[in-house]
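Okay, so here's the structure we're looking at.
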Amino acid sequence: MNRRRQSKHLRAPRPLLAGGSQSRVQRRGVDYIVRNVPAQRSEKEYRCPGCSQRVAPGTAHVVVWPATPPLGNESGLEVRRHWHTHCWSVAS
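Just so it is clear: in the sequence shown, position 21 is 80 by this note's numbering, and no numbers are missing.
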């Protein structure tokens, strides 16, 4: 009997960035995935959308993206943003 593996294009999609310390939260009626980035894994500089200041390399922070990709985007990763942990926690 010839058993072939199902095409990866026909399999159910894997969760976006599976694993790690992440949670799902709701803000302003939108579900977001929030992933913690420890300081030792933070290697690039980003601009925080909460305060418009830089998130320096070596700074613990969170990466946030919508659980449901916006229209016209294939995944939420295309619209992910790096926030200071405090800025995200006080954002309403």
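The C-beta atom is built at its ideal place from N, Cα and C for all residues, glycine as well. Just so it is clear, the structure is predicted and the values come from calculations on it, not from any experiment.
Inter-residue spacing [alpha-carbon to alpha-carbon] between residue i and residue j
| i | j | result |
| --- | --- | --- |
| GLY88 | ARG70 | 30 Å |
| CYS146 | LYS67 | 39 Å |
| SER134 | VAL122 | 14 Å |
| THR118 | GLY131 | 32 Å |
Simplified DSSP state of residue i, which is helix, strand or coil
| i | result |
| --- | --- |
| ALA100 | The question names Ala, yet the displayed sequence has Arg at residue 100. Helix. |
| HIS145 | helix |
Residue(s) in a DSSP beta bridge with residue i
| i | result |
| --- | --- |
| ARG94 | GLN81 and VAL122 |
Inter-residue CB distance, residue i and residue j (contact presumed, cutoff 8 Å)
| i | j | result |
| --- | --- | --- |
| ILE92 | TRP124 | 6 Å |
| GLN112 | ARG94 | 20 Å between Cβ atoms; not a contact. |
- Task: Spell out a yes or no on whether the region 102 to 121 and the region 134 to 150 are touching, meaning 3 or more CB-CB pairs, one atom from each, closer than 8 Å.
- Result: yes
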